[in-house]
Each structure stands twice: as structure tokens, then as C-alpha cells.
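**Q** In full-length UniProt numbering, the protein residues as written are 1 to 322. Using N, Cα and C, we set each Cβ at its ideal position, and we do this for glycine too. Fair warning: this is a prediction, and the values are worked out from it, not measured in the lab. Quick one: structure below, then a few questions.
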Amino acid sequence: MSDGGSVPGSAWFYQPSFATPMMYAGNYALIGAYHLHRCMSVLRFERFCSFISLTLRSSRFNWSWVNCCFFVSCVLYFQGYMVRQVARYLLCYNNVYAYLASTLPIDLAAPILIVANCCILAGTFSYVPHLSPIHPDRMVPVLGTLTAVVETIRVYLTLRAPSNPSYYAPHSLELTRASLALQLSAITLFYLLAARFHYRVVQSVRVPYYNRVRAVLRTLYVSMLLILVRTLYRSAAHFGGADAYALLVLSSGSAAEQPESLWQELFLFLFEAGAMMFNVIMWYLRHPKDFLPPPGCGRYLAPDGKTEVDGSVEGAAEKRKM
């Protein structure tokens, strides 16, 4: 692993580690394969079209938004660390585009994990609708759309920055900071909604159904805490000094003048790679389908906390209070 010292000409401001990126890339590939298998193992070939259209009534499938988010994030992390490993092996870590191909996927994976957690929280709300502080169908589309727009524009400007640094780099810098601010806002809103919902559940009668909900909420708290640690680390790097992309394309100062968290490899592997890898492993071991019914099946908990109501039965759906 790098000792943290700056290396002239390196796009990472140091010489990347030789073996550590490969280790993380292999782990993410294995975890991503597990999440993909979890989503696909219950599907028959003739139901593949239903899988694509998100209409299949299977417990694992109806959590497919969550499984897909985990799988895509693992693919992005795998790409980022694999490109980093290849750049180190070929000694081309002074290549701007190799740096971007490694850094951008890693930056894009965390917002996807935030959306996955919001999907899980929305599924929890839909199971106990009479205690939900917000309609579950309103949280994910708004946050997901806003995140997608910001990240798409940021990626475009970042990729164009090397060709026209004076124009694209400042906009990329501001959008990167806006993306981090959006992630922190989403995490804060998530904790407020989850805490309000958890308080209502605790005040209710202690029954096995509510114990399942509390188990999912506890896992969500730990998951979001890991993402929060990662986001604070990234914020310290990007708000404490010039953004890495702007530094790269504008050459505005040496690496030694920037915050240490921006260019010390140990911090990246600890707060980014390690924390997020633990996050996706935790969700594989404590998947919400082990505690709650699939959100799309129409089953939800009655206000008495002791009866599961099937919303697919005629006359049952209109009794559901949202």
C-alpha cells in the first residue's frame, strides 16, 4: 500500500498499491455475483420478461430494485478498483483517463446504495402503512430522479474536463460538491423518517410482526451509518480543498498542498472500499426478504398489529390507510 507520499506526475498524487485494489475488486465481483444469484435463482426462463418489467410475484424478485442496486454498485466498485489495478500494473497511473475511469465508478456507487436503502425503507413503510410518516411511493422516485440528474450531468462535465479544463472543470467541481450535499441531505432525511417510523412502531404493541420491522430498521441504521462515514470522508476531501478532478486537469497546486484525505490511499481503502464492502455483505446476510413480505404482493399489517391483510383480495385494498 502507498505510504501517502506524493508522486510527481501521478493522477492519484501517489503511486497506487499493487495488490490491494485487486483484492477489493475480487471481493466485489464475488458479492455482486451473490446478489445477482439471489435475484435470478427463483426465476424460470419463461418469466424473464416479467423480471425485466418488475411484475413477478416472487419474494426475492419483488425486492429486485434493491438487488439490482446492490449488483450495479458492486459492478461499479469492481470496475473502479480493477482499472486502478491495471493502471498500476502497466505503470500508466499518470494517465488522466485511467484516473477518471477508476474514480468515477467509485463515486457513482454510493448514491446507488442510498437509493437501495430508501427502497428498503419504502418497502417497510408499505408493510406497516398505518404507522408510515410518508407515502412509500413518494420517497424513492423523487430522490432517485434528482440523484440521477445530478450524477449524469456531473459525469458528463467530468469526462469533458480534460478537453476544455477552463470551462468544464469548475462546473464539475461545483456539481461534485452538490452531489455530496445531496447525499448528506438524503441521509439526514432518511434518518428523520426512519426514526419517526421506528418511534411509532416501538409505541405499538410488541408482536412478532413488529419485531421483523425493527430488525430491518436496525440493519438500515448501520448501513446508512457506513454510507455517512464514506460521504463525510469524501466531503472532507472535496470541500476542504480543490476537487480532485479540478486539480487533475488544471494542475492548480501540488498534492502536498491538498488535504491528506484526498490523496492518502489508506483512507480510501478504509472509509470507502472497506465500509461499502461491509455494507453490501451485511445486506446479503440480512436481506429484507428474510423479514418482510415482498412489497408488490399486496400484503400489509393491519392496525391491530396481529393480522396480515392481503391487499389483492377484493375489498381489502381500500381499507389500507396511507
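1. Roughly how many angstroms separate the alpha carbons of A29 and A110, rounded to a whole number?
2. Spatial neighbours of V202 within its chain, please: CB distance less than 8 Å, with the 5 preceding and 5 following residues excluded, ordered by chain position.
3. In angstroms with no decimal places, state the Cα-to-Cα distance between L232 and D107.
4. Measuring alpha carbon to alpha carbon, tell me which residue in L173, S179, K289 and L159 is nearest L146.
5. Can you tell me whether L91 is buried or exposed, with buried defined as 16 or more other CB within 10 angstroms of its CB?
6. Between P288 and V216, how many whole angstroms is the CB-CB distance? I'm expecting something under 8 Å.
7. Quick one: using the 10 Å Cβ neighbour count with 16 as the cut-off for buried, is P141 buried or exposed?
8. I'd like the list of long-range same chain contacts for R44, defined as Cβ closer than 7 Å, with 5 residues on each side in sequence excluded.
9. Thinking C-alpha only, which one of Y77, P16 and A186 is nearest L143?
10. Check each candidate in G298, R234, E308 and V309 and name the one with the smallest Cα separation from E272.
11. In the structure shown, what three-state DSSP assignment does H301 receive?
12. Between the Cα of L189 and the Cα atoms of R177, T158, M139 and L226, which residue gives the shortest distance?
13. Taking the beta strand (DSSP E) that V309 belongs to, which residues open and close that run?
14. Thinking F18 and R88 are a contact (beta carbons under 8 Å), I'd like their distance in whole angstroms, please.
15. Please go through the stretch 135-192 and give each complete alpha helix (DSSP H) segment of 4 or more residues, from N-terminal end onward.
16. Considering only C-alpha positions, which residue in the set T158, T219, V229 and A195 is nearest to L184?
17. Just checking my contact of L193 with P133 at CB under 8 Å: how many whole Å lie between their CB atoms?
18. Of the residues L173, F269, S64 and M282, which one's Cα is nearest the Cα of L225?
19. The alpha helix (DSSP H) spanning F125 covers which residue range?
20. Return the CA-CA distance between A25 and V72, expressed in angstroms with no decimal places.
21. How would you call Y245, buried or exposed, if buried means at least 16 neighbouring beta carbons within 10 angstroms?
22. Cα separation between T307 and Y209?
23. Quick check on this structure: which residue in I31, A122, W65 and L270 has the alpha carbon closest to the alpha carbon of L76?
24. Apart from the five residues on each side of it in sequence, which residues of its chain come closer than 7 Å, Cβ to Cβ, to L159?
25. For the candidate residues F269, Y81 and N211, whose alpha-carbon lies nearest to that of Y127?
26. For L220, does the three-state DSSP call read helix, strand or coil?
27. Between D290 and P170, what straight-line distance do the alpha-carbon atoms span, to the nearest angstrom?
28. Taking only three categories from DSSP, how would you classify A316?
29. Please classify P288: does DSSP put it in a helix, a strand, or coil?
30. Looking only at its chain, what residues have a beta carbon closer than 7 Å to the beta carbon of F48, apart from the 5 residues adjacent to it on each side?
**A** Straight from the coordinates:
1. 16 Å
2. R214
3. Computed Cα separation, rounded: 13 Å.
4. S179
5. exposed
6. 5 Å
7. exposed
8. Its pLDDT being 41, under 50, R44 is placed unreliably in this model, and the value from its coordinates should be taken loosely. Here the set comprises nothing.
9. A186
10. Considering only alpha carbons, the answer is R234.
11. A small fix is needed here, since residue 301 is Leu in this sequence, not His. Here L301 sits in strand by DSSP.
12. M139
13. E308 to D310
14. 6 Å
15. 136-160
16. V229
17. 6 Å
18. M282
19. Per DSSP, F125 is one residue of the alpha helix (DSSP H) stretching across V96 to Y127.
20. 14 Å
21. For Y245, the pLDDT reaches just 45, beneath the cut-off of 50, and the residue's location in the model is therefore unreliable, although a value from the coordinates is still provided. Its Cβ being crowded by 16 or more others within 10 Å, Y245 is buried.
22. 9 Å
23. I31
24. L100
25. N211
26. helix
27. 46 Å
28. For A316, the predicted model reports a pLDDT of 46, less than 50, meaning its position is unreliable; a value from the coordinates is still stated below. Coil at A316, not helix or strand.
29. helix
30. With a pLDDT of 46 at F48, under the threshold of 50, the modelled position of that residue is not reliable, and the figure given next carries that caveat. Nothing meets the Cβ criterion.
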